[in-house]
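Following: one structure in structure tokens, then a few remarks.
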Amino acid sequence: MTNKMPPRNKSTLTTAALLLSAFTSLASAAYQWPSQPYDDLEDFIYSGQRPDGSSMSSLVASCKLRGTTNTTVAAEWTRFVYHDTSTHNITDGTGGLDGSLFFELDRVENVGAGMTNTRSDFSSFPSKYISRSDITVIGTIFAVAACGGPAMQVRGGRIDTNVAGPYGVPNASDTSESIVATFAHQGFNISEMIQLVACGHTLGGVRYPDFPDVVAAPSDTSETVVDLFDDTQQFDHNIVTNYLDGTTRDPLIVLNQTMASDLKVFSQDPTNATLQAMSSADTFSSTCVSIFDKMFNTVPNGVNLTDYIELQPVKVGNVQLTLGDSNLEFQAAVRVSTVSDNTNISMYWCDKYGSSADCAGGLKRYASPVSSTTVGSTVASAMGVTLEKYQFVVPIDADQGINKFWFDINYGNGTTAVADNNGAYYPVAQDEVLWVPSMSIAKSATSTNGSWFIVAAVKSSSASDISGLHIDCIGRATADYIAVNATYDLALNNTMPSKLGYDFYSVATTANFGVTMQFDIVAEASNGTQWIDGDRQAGLISITLPAASGVNTTTSKSVGGSGESAAWSWRHTSAGWLVGVILVVVAAL
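Under mature numbering (1 follows the signal peptide of the UniProt record, and there is no 0), the letters of the sequence shown match residues -29 to -1, 1 to 560, in that order.
Next up, the structure:
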């Protein structure tokens, strides 16, 4: 990790316009943290990684090739999403993007190493709020962006099935009439069928040994040969222009005519009007965004998708209050769409208890970040946006606690802003029950049951009022792709001495939750009150945090920001601020 900011993107006008759009969108949407599943979806889409830092976006970045073959990871991921969609039945509303493809790879219609490669790529990334089918869609937008295509916004909330769906992918040997009927069954008319095939086949090609009737066997039949659809590996309109000018190399057009499925599809429009409308780079891109959006939203009846997930210019995450050696310890990260090489950020907070509770008398505590790192998915890169993630780790006196926090952003050029959750500030909901990752134990890499040892701290003063203490666990990144849910009661651990006014409770899980586990710790009082330390990531147990930073105090007339400075709040975004941002970008590039 580094404290040095990355160079600015070369496209001044594009970046400025994107920032203007992002800030305006934030104001209109009135986003407030926390907001699940939006929070996890947004961070994964634009940061490209799990909370533990494992990156899915990096698997496809720079339009990388798959091993020693001449096809790309992006092509395999893009094929995968259509094959999952293909089970949809427009008549009765069943099937579609529901993750059933994970259970269908033994079918001839889903033949190929690319399919099994993709399933393996995606398998460790589903989580509590991001389903397998959401991962499949997000993987596709990572793939398109990685190969020079447009940055696409998508929705979340798809619901996975745990069984195979009906057959649905057309075979290359099918008749034209059969192919048209199959796409119609899925909900795509002839023009949409042509668009979908063109947009899907701008990447990749046909592989031997998967399709020996199309691609001739090499002299060494143990080798893999991929005959590409067009003359580039990029997401571009060459698949269209090569067809229209008669120079196409598409093996599903020019080789075995019985297997010429792309020719059968494109020939359904004898005037080529659909392809002519896609024959420029801009129209190809916009058409693909539209038809992919329809495909992404092809889900079973009764599935309610989220709104489109937009990039938040300031995004809080990794928030946790826990016990340290001699104090409580609070950590938080804030991800910022940076616009200056000289950006500095401070985190401010109010006490929860004592004479300065809720910043009484104007007393605020603040600290600097302990580290920063540049993050970003291929989608963020395609948008021309640089994201910097600042991590804060601060000691908290148990007698003072922490009630709420916010961030003061100084861009180093006279422009400042306050990120305060649209005026609501970022709340620290409770400190009665806390997860203690430093005392918990990660499952062994060789464990057969996926056991995690989880330790929770409960305030000693509240212990007598608590009638129940349990954890609700979920693991979605499992070997058989089926989510595992389980609940465990925690028991007082007498081997762990009380400290800082907290007693310790523990439990060892027994279910196999897969790569990682997410859980909520729930304490129930006899009067019906609940305290929840929620959305915890067991995968963070093994991650060592940087040393806590020093804490400073200040007083001011107002709660937010840095004293008397004229710091704009994100909730007070104005035309002047937006113009200032754009000018900063222009000056910095």
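Glycine included, every Cβ here is placed at the ideal spot set by N, Cα and C.
If you draw a straight line from the C-alpha of G295 to the C-alpha of D14, how long is it? 27 Å
Can you tell me where the beta strand (DSSP E) with A304 in it begins and where it stops? 299 to 308
Residue(s) in a DSSP beta bridge with K430: According to DSSP, which records beta bridges pairwise, K430 is partnered with Y473.
May I ask which residues mark the beginning and end of the beta strand (DSSP E) holding W502? 501 to 508
Going by the beta-carbon positions, is the gap between F200 and G217 smaller than 8 Å? Going by C-beta atoms, F200 is not nearer than 8 Å to G217.
Within the segment 338 to 408, note down every full alpha helix (DSSP H) run reaching 4 residues or more, in order along the chain. 349 to 353
Grouping DSSP H, G and I as helix and E and B as strand, with all else coil, what is D278? If DSSP states are grouped into helix, strand and coil, D278 belongs with coil.
To the nearest angstrom, how far is it from the Cα of T(-6) to the Cα of K286? A caution first: T(-6) carries a pLDDT of 36, below 50, which makes its placement in the model unreliable, though a value can still be read off. For T(-6) and K286, the distance between alpha carbons rounds to 15 Å.
Pick out the complete beta strand (DSSP E) segments inside the segment 428 to 469, 3 residues or longer, and give them in chain order. Here the runs fully enclosed are 437 to 446, 455 to 460.
May I have the straight-line CA-CA distance separating S147 from D233, to the nearest angstrom? 10 Å
What's the call for A45, buried or exposed, on a 16-neighbour Cβ count within 10 Å? Counting Cβ neighbours within 10 Å, A45 comes out buried, since at least 16 surround it.
Nearest-angstrom Cβ-Cβ length linking T480 and C444, presumed shorter than 8 Å: 6 Å
Would you mind giving the Cβ-Cβ distance between T345 and E359, rounded to the nearest angstrom? I have them listed as a contact below 8 Å. 6 Å
Compute the Euclidean distance between the alpha carbons of S256 and A400, then round it to the nearest angstrom. Those two C-alpha atoms are separated by around 45 Å.
Which residues mark the beginning and the end of the alpha helix (DSSP H) in which I106 is found? 103 to 117
Does the count of Cβ pairs from the segment 210 to 226 and the segment 33 to 52 closer than 8 Å reach three? In this structure the segment 210 to 226 does not lie against the segment 33 to 52, because fewer than three pairs of beta carbons, one per stretch, are closer than 8 Å.
Please state whether DSSP places Q489 in a helix, a strand or coil. strand
Own chain partners of Q501 with C-beta closer than 8 Å, once the 5 adjacent residues on each side are dropped: V493, A494, E495
If you count every other CB in all the chains shown that lies within 10 Å of the CB of V429, and 16 or more means buried, which is it? buried
By the 10 Å Cβ neighbour count, where 16 or more other Cβ atoms means buried, how is S(-2) classified, buried or exposed? Only weak support is given to the placement of S(-2): the predicted model assigns it a pLDDT of 37, under 50, and the value that follows is read from those uncertain coordinates. Exposed.
Spatial neighbours of G508 in its chain, beta-carbon cut-off 7 Å, leaving aside the 5 residues before and after: Note that residue 508 is Gln in the sequence shown here, rather than Gly. Contacts found: P22, D23, T487, Q489.
Length at least 3, wholly inside the segment 221 to 296: the beta strand (DSSP E) runs in chain order: You should have 285 to 294.
Beta-carbon gap between A454 and G446 smaller than 8 Å: yes
I'd like the span of the beta strand (DSSP E) that includes G176, first residue to last. 176 to 179
Using the Cβ count rule (16 or more neighbours within 10 Å means buried), how would you classify Q228? exposed
To the nearest angstrom, how far is the alpha carbon of T173 from that of N313? 41 Å
Specify the secondary structure class of F73 as computed by DSSP and reduced to three states. DSSP places F73 in helix when its eight states are reduced to three.
Unbroken alpha helix (DSSP H) run spanning L215, endpoints: 209 to 215
Need the endpoints of the alpha helix (DSSP H) that W4 sits in, please. No alpha helix (DSSP H) contains W4, which DSSP labels as neither H nor E.
Under 8 Å: do the segment 265 to 282 and the segment 124 to 139 share three or more Cβ pairs, one atom per stretch? yes
6 Å CB neighbourhood of P121 in its chain, flanking five on each side removed: S256, V260
Between T242 and A248, how many whole angstroms is the CB-CB distance? I'm expecting something under 8 Å. That pair is no contact at about 11 Å.
Apply the 10 Å Cβ neighbour rule to L463 and answer buried if 16 or more other Cβ atoms are within range, or exposed otherwise. exposed
Should Q371 be labelled buried (16 or more other beta-carbon atoms within 10 Å of its own) or exposed? buried
Three-way DSSP call (helix, strand, coil) for C170 in this model: Here C170 sits in helix by DSSP.
By the DSSP assignment, the alpha helix (DSSP H) with T89 in it spans what residues? From DSSP, the alpha helix (DSSP H) with T89 extends over 84 to 93.
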